Each structure stands twice: as C-alpha cells, then as structure tokens.
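Residue numbers (mature numbering (1 follows the signal peptide of the UniProt record, and there is no 0)): -20 to -1, 1 to 153. Beta carbons: idealized from backbone N, C-alpha and C, even for Gly. Note that this is a predicted model, so its numbers are computed, not measured. Accompanying notes for the structure given below.
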C-alpha cells in the first residue's frame, strides 16, 4: 500500500493537473475461461519435446489500458490484446512472488508460477493438447509451491547435450 501512495504522490507532484479516475468493474462468467486465443503460440517446442510449450498462460485479451493522448485513437483508455498485455501480468506476478521470497532465483520464481496454479481443462478448446500449457497464472498460490526445483543454466546445457545438441548444431560460439 505504501508504494501505491508513493506512486500517487509522484504523479500528483509531477503533473500540474492530475486526477485519478476509478471505474466500477463488473465480474462476468465465461464458461470457456481460461483458454488460449487463436493468435497465441502453440507447442510442441520446436527444439525438443522435453520442454513444455506453452508452460504458462496469462490474461492478455481485451485488456482495458491507459492510452496516450498522443496515440491514435486520441482517447484516455483503450482495449487491446496481445503479448504486450500479458507481459505486465507476468512481470507483476513474478515481482509479487519475489517480494515474499527475496532469496529465490528467477528459475525458482518461474517454477513456482508454473507448478502451483489453476490447471486448465483440455475439454474447453479443441486444440488444447498443444495450446493451453501447464497452467493459468495464480500468483497467490505461487507464494508457497511446496515442491521447488531451482534449475541452473548447466542443467539446461546437460539436457540439450543429452538430446544430441552441441554448439555446432545450435549455432552457438
């Protein structure tokens, strides 16, 4: 809460005419939620089937966002979709988990986010096998995942070597 106060204080001091507008939200039920939209990436992973793709799904469709008055259309808010909308959710979730577990590595945070969350149903979408990933993001559940695997870079290298890859066929130097 204190950080929200600092942000609001900064905005009010930085702008000559600042104001805050709150919109009332309304919940709705979508029987297909959570699902992966048609423009989202699908598996299997092109390098190896031992890496799950998609590993995590994040809300990124029809997000209400602040909009620059310098952009077209010239409106204060807009509804847009895509990775650029899902990325802030993922970043926020990772920061949230890290704030409760400051000693965790990026791999540990990722593992927590993809293991203890809302499991998606393959019966809701036809192409689900390679579309819905492992889970739908749930930052609160990721705070205490129970099982933790803090994978290191060398573990990925060993796995790729076991798959028959080397620096030549991966074009690494």
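Segment contact, 8 Å Cβ cut-off, at least three pairs: the stretch 78 to 93 with the stretch 122 to 137: yes
Residue 66, buried or exposed, once every other Cβ within 10 Å from all chains shown has been counted against 16: buried
Straight-line Cα distance separating residue 149 from residue 30: 18 Å
Coarse secondary structure for residue 57, derived from DSSP in three states: strand
Sequence-distant residues of the same chain with beta carbon closer than 7 Å to residue 78, five excluded per side: 84 and 89
Candidates 35, 17 and 16: closest to residue 24 by CA position: 35
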